[in-house]
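Each residue of the sequence shown is one higher than the one before, counting from 337 in the numbering used here. Glycine is no exception: its CB is placed at the ideal position from the N, C-alpha and C atoms. Data block below; observations after.
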Amino acid sequence: MNSVPSGVRNTRTAIIAAATREFADLGFAGARVARIAESAGVNKQLIFYYFGSKRGLYEELTRKVASVYSAGVSSTTGAAPTLKQLVENLFRGLAESPEAVRLYFQVLTDAGSPSAAGVTDVIPDIRTAVIVGQGRGQIRDDLDPDYVARQIILLLVGYFLFEPVMFDPDSGAREAWFQRTWSLLNRWLTW
337 MNSVPSGVRN TRTAIIAAAT REFADLGFAG ARVARIAESA GVNKQLIFYY FGSKRGLYEE
397 LTRKVASVYS AGVSSTTGAA PTLKQLVENL FRGLAESPEA VRLYFQVLTD AGSPSAAGVT
457 DVIPDIRTAV IVGQGRGQIR DDLDPDYVAR QIILLLVGYF LFEPVMFDPD SGAREAWFQR
517 TWSLLNRWLT W
């Protein structure tokens, strides 16, 4: 049973949604608690009550962003997910939360932001899938697994960062892009 009253859950949800937009658009330094409160339709003091500070709220958001990435990994079936499963699940997770991608980018590039610990936790999982694929002869053994993992993250995050200006997500472009990108990755990764 969830012991958090629904009113508290709804208030926290509204604050988190407003804060995600604010931090994604303006970064840690540019975001204002007063604007977040106004956008969430709450008193500014509630933000401090629930999160302690602007930094506390930001850290809560970075944990949520990290969970988007780790959910892509944990949603695979079996003990050793294939690289394709990881990439596809990660892409699907990001597709459900495009503002989290923009926030992720802010976290990684904003010199004034608090630590982004946990956001890149998915890289070792992708690297491991590459190593397993290399051991099975499914992935070229002359590729650096760490480099492959980072390139995959850049491809996926890059798509969602540029989607608003380069693609029409309502036209099926998102799915077509994923299929074409996986095809290119597969050609690059295999002999």
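- Counting along the chain, residue 470 sits inside the alpha helix (DSSP H) bounded by residues 458 to 471.
- Within a 10 Å sphere around the beta-carbon of residue 512 sit fewer than 16 other beta-carbons, which makes this residue exposed.
- Note that the C-beta distance between residue 360 and residue 474 is not below 8 Å.
- The beta-carbon distance between residue 369 and residue 350, rounded to whole angstroms, is 14 Å. This is too long to meet the 8 Å contact definition.
- Contact annotation, residue 465 with residue 419: C-beta distance approximately 4 Å; criterion of less than 8 Å satisfied.
- Following the DSSP letters along the chain, one finds residue 508 in no alpha helix (DSSP H), marked with neither H nor E.
- Taking 8 Å as the cut-off, the Cβ atoms of residue 436 and residue 462 do not count as close.
- For residue 474, the secondary structure class from DSSP, reduced to helix, strand or coil, is coil.
- Contact annotation: residue 348 and residue 394 have beta-carbon atoms that are not nearer than 8 Å.
- Take the alpha-carbon of residue 522 and the one of residue 472: they are about 15 Å apart.
- DSSP, reduced to helix, strand and coil, places residue 522 within a helical segment of the structure shown.
- Straight-line spacing of the CA atoms in residue 384 and residue 398 works out to 17 Å.
- Counting only residues of its own chain and dropping the five nearest sequence neighbours on each side, residue 460 has no CB closer than 7 Å to any other CB.
- Within 10 angstroms of the beta-carbon of residue 444 lie fewer than 16 other beta-carbons, which makes it exposed.
- Across the structure, residue 433 and residue 477 are spaced so that their CA atoms are roughly 34 Å apart.
- Buried is the label assigned to residue 417, since at least 16 other Cβ atoms lie within 10 Å of its Cβ.
- Going by DSSP, residue 369 is part of the alpha helix (DSSP H) stretching over 369 to 376.
- Taking C-beta separations shorter than 7 Å and ignoring five residues to either side along the sequence, the partners of residue 527 in its chain run 476, following chain order.
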